[in-house]
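Novice:
Residue numbers (this note's numbering): 245 to 318.
1) Near residue 267, what residues of its chain come up, given a Cβ to Cβ distance below 8 angstroms and the 5 sequence neighbours on each side ignored?
2) Measuring CA to CA, which of 301, 277, 270 is closest to residue 288?
3) Pick from 316, 305, 300, 278: whose alpha carbon is nearest that of residue 265?
4) Please state if the CB of residue 259 and the CB of residue 277 are separated by a distance shorter than 8 angstroms.
5) Quick one: what does DSSP say residue 292 is sitting in, helix, strand or coil?
Structural data, given as C-alpha cells:
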C-alpha cells in the first residue's frame, strides 16, 4: 500500500507524464503524442525524499510513496 506524502492536489491533463523530480517538486513533461507541450513544474510543495521508496502521483493527484521491492538487493 502507498502512503500519501504531499498535501497539495495536482490537476492532471491528458498528454502529460507526471513525476517527482530530483529537486523534490512535482513536474510534468509531454508524452510523445503531445507535440506542443513543454516541461514545467506543477507543484509548489517540496517533498523530502527518503532512500528505498518509489515516489509517484496517485489517482487523486497527491504525491505518494511506496517501499521499493528490490528482491534481496539493497
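Glycine is no exception: its CB is placed at the ideal position from the N, C-alpha and C atoms.
Specialist: Judging by the given coordinates:
1) Residue numbering aside, residue 267 sits at position 23 when the chain shown is read from its first letter. Excluding positions up to five away in sequence, the list reads 290.
2) Translated into the one-based positions of the chain shown, residue 288 becomes position 44. Measuring C-alpha to C-alpha distances from residue 288 to each of 301, 277, 270 identifies 270 as the nearest.
3) Numbered from its first residue, the chain shown carries residue 265 at position 21. Here the closest residue by C-alpha is 300.
4) Here residue 277 corresponds to residue number 33 of the chain shown, with the count starting at 1. Here residue 259 corresponds to residue number 15 of the chain shown, with the count starting at 1. Cβ atoms of residue 277 and residue 259: closer than 8 angstroms.
5) Against the chain shown, residue 292 aligns to sequence position 48. Correct three-state label for residue 292: coil.
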